[in-house]
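Here is the structure we will look at.
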Amino acid sequence: MPDTAHPGRSVRTPLVTVILPAKDAGEFIGTTLETLTRQFDDPAALKLVAIDDGSRDDTGALMRRYAERFPHAEVLRNPAPRGLASARNQGLAHVEGDAFCFLDGDDWMQPQRLEVLTTRLRQLDCDFLRTDHVTVTGGRRALVRAPHPWRERVSSPREAILPENESTMVDYPYAWAGIFHRRILDRGLAEFPSGLFTAEDRPWIWRLHLQAESFAVVDAPALLYRRGVATSLTQARDRRQLDFARAMNEVLDIVERDPEAERFLGKAVWTALALSSHHLVRARRMDPALRGQMRSGIRDMLARLPAAEARAVVERFDGPRRRVLARILRQAGSVA
Numbered sequence: 010m011p012d013t014a015h016p017g018r019s020v021r022t023p024l025v026t027v028i029l030p031a032k033d034a035g036e037f038i039g040t041t042l043e044t045l046t047r048q049f050d051d052p053a054a055l056k057l058v059a060i061d062d063g064s065r066d067d068t069g070a071l072m073r074r075y076a077e078r079f080p081h082a083e084v085l086r087n088p089a090p091r092g093l094a095s096a097r098n099q100g101l102a103h104v105e106g107d108a109f110c111f112l113d114g115d116d117w118m119q120p121q122r123l124e125v126l127t128t129r130l131r132q133l134d135c136d137f138l139r140t141d142h143v144t145v146t147g148g149r150r151a152l153v154r155a156p157h158p159w160r161e162r163v164s165s166p167r168e169a170i171l172p173e174n175e176s177t178m179v180d181y182p183y184a185w186a187g188i189f190h191r192r193i194l195d196r197g198l199a200e201f202p203s204g205l206f207t208a209e210d211r212p213w214i215w216r217l218h219l220q221a222e223s224f225a226v227v228d229a230p231a232l233l234y235r236r237g238v239a240t241s242l243t244q245a246r247d248r249r250q251l252d253f254a255r256a257m258n259e260v261l262d263i264v265e266r267d268p269e270a271e272r273f274l275g276k277a278v279w280t281a282l283a284l285s286s287h288h289l290v291r292a293r294r295m296d297p298a299l300r301g302q303m304r305s306g307i308r309d310m311l312a313r314l315p316a317a318e319a320r321a322v323v324e325r326f327d328g329p330r331r332r333v334l335a336r337i338l339r340q341a342g343s344v345a
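For reference, each letter of the sequence shown is one residue, going 10 to 345 in my numbering.
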């Protein structure tokens, strides 16, 4: 349900479109929106596309209030939540200008971040840029660096996927940690798997790195990521977490269709096993019925892994991760 803030107003095309989906983020989203007013000296340089994804608090009202401060702004409202992936995809249909980015409703940006990123995107002339970010936990802040050894240098996204047993750019899936050229959208590489309520960024980042042509990691004013928020999916232990196995199945599908599938399959297997061990540990604190569904989904996903690759990866894991995976891998038939 669209709510266009400024119908009929004629202003210059924005430099960047910010896609901001949020659900029940009223406690934080005022800070998020306020920081968007400090990105450019000219407010017309930014288009805000805010998606109120079925909120029951004042999230939508705050979005509409701040939309009045931008010459380019649209507020979309979903009467019932569609999930982060689908809400982001809604926003993509409203992109204007040569660049777009994502922002979550409990995060915020330092001033001029987007001015720096749009300038560097134009100067480097690549498909997308990635940046470090800062996590905020209570009063503590910590820098999280994008796991790429070169800065300010245009590179092949495919070459940033390996090595398989080290953290690489496909292990840094945060959609909000960067900016994207319009051609990513035009090539169909910007959309998220529809309907996923968690891990939606995993297949998205793999497709981006396998199919885009160029990227760079650059320095810019920080995006600050708020950790420990009770409504965050990283904190939730409900049925939304069951989408993890589906997301990893989509990653495996993407890799298997690639002409260099053999080259990248080991990395995909490593990621599937490492994340499965993490979710299996978290599942111990879930409702028993949901825990059973979680284990079943993971078991079915792991069953499709090539046995030799799975064995090789598990042998390199540390003891705790090896133990938590051992039983479910035997059930899946991936490891003898």
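The C-beta atom is built at its ideal place from N, Cα and C for all residues, glycine as well.
Only a predicted model underlies this, so the values are computations on that prediction, with no experimental measurement involved.
Could you check whether residue j and residue i sit closer than 8 Å to each other, using their CB atoms as the reference points?
{"i": "Val278", "j": "Val333", "result": "no"}
{"i": "Arg122", "j": "Phe111", "result": "no"}
{"i": "Arg236", "j": "Thr140", "result": "no"}
{"i": "Ile214", "j": "Ala254", "result": "no"}
{"i": "Asn258", "j": "Met310", "result": "yes"}
{"i": "Ala312", "j": "Arg300", "result": "no"}
{"i": "Ala256", "j": "Arg211", "result": "yes"}
{"i": "Trp117", "j": "Thr46", "result": "no"}
{"i": "Asp115", "j": "Ala34", "result": "yes"}
{"i": "Gln48", "j": "Glu105", "result": "no"}
{"i": "Gln5", "j": "His288", "result": "This structure leaves residue 5 out entirely; the chain is present only between 10 and 345."}
Alpha carbon to alpha carbon, how far is residue i from residue j?
{"i": "Ala82", "j": "Arg191", "result": "18 Å"}
{"i": "Leu101", "j": "Asp107", "result": "13 Å"}
{"i": "Ile188", "j": "Gly63", "result": "26 Å"}
{"i": "Asp50", "j": "Pro30", "result": "24 Å"}
{"i": "Glu36", "j": "Pro172", "result": "40 Å"}
{"i": "Ser305", "j": "Ala319", "result": "18 Å"}
{"i": "Ala184", "j": "Phe201", "result": "10 Å"}
{"i": "Thr127", "j": "Phe109", "result": "9 Å"}
{"i": "Asp327", "j": "Gln99", "result": "41 Å"}
{"i": "Ser95", "j": "Ala199", "result": "12 Å"}
{"i": "Pro329", "j": "Ala54", "result": "50 Å"}
{"i": "Pro315", "j": "Glu271", "result": "11 Å"}
{"i": "Ala76", "j": "Glu324", "result": "53 Å"}
{"i": "Tyr181", "j": "Asp66", "result": "31 Å"}
{"i": "Gly148", "j": "Ile38", "result": "18 Å"}
Counting C-beta neighbours from all protein chains within 10 Å, is the total for residue i 16 or more, i.e. buried, or is it exposed?
{"i": "Thr22", "result": "exposed"}
{"i": "Ser203", "result": "exposed"}
{"i": "Leu205", "result": "buried"}
{"i": "Leu152", "result": "exposed"}
{"i": "Val25", "result": "buried"}
{"i": "Pro268", "result": "exposed"}
{"i": "Arg294", "result": "exposed"}
{"i": "Val290", "result": "exposed"}
{"i": "Glu168", "result": "exposed"}
{"i": "Asp370", "result": "Nothing in the structure corresponds to residue 370, since the chain is present only between 10 and 345."}
{"i": "Arg216", "result": "buried"}
{"i": "Ile28", "result": "buried"}
{"i": "Pro88", "result": "exposed"}
So residue i packs on residue j, CB below 8 Å; how close in whole Å?
{"i": "His157", "j": "Leu232", "result": "The Cβ separation is near 16 Å, so there is no contact."}
{"i": "Pro120", "j": "Arg78", "result": "So it is not a contact: roughly 15 Å between Cβ atoms."}
{"i": "Arg91", "j": "Gly69", "result": "Actually they are not in contact, since the Cβ atoms of Arg91 and Gly69 sit about 14 Å apart, beyond 8 Å."}
{"i": "Asp252", "j": "Ala298", "result": "Rounded, the Cβ-Cβ distance is 16 Å, inconsistent with contact."}
Could you confirm whether any beta carbon from chain E is found closer than 8 Å to the beta carbon of residue i?
{"i": "Arg291", "result": "The chain inventory of the structure shown lacks chain E, comprising one protein chain alone."}
At least 3 beta-carbon pairs within less than 8 Å: the stretch 174-187 vs the stretch 266-286: They touch, by the three-pair rule.
Any 3 or more C-beta pairs closer than 8 Å across the stretch 128-135 and the stretch 54-72: no
At least 3 beta-carbon pairs within less than 8 Å: the stretch 215-233 vs the stretch 257-271: The stretch 215-233 makes contact with the stretch 257-271; the number of CB pairs closer than 8 Å reaches 3 or more.
Three-pair Cβ contact test at 8 Å for the stretch 222-233 versus the stretch 161-175: yes
At least 3 beta-carbon pairs within less than 8 Å: the stretch 324-339 vs the stretch 281-288: yes
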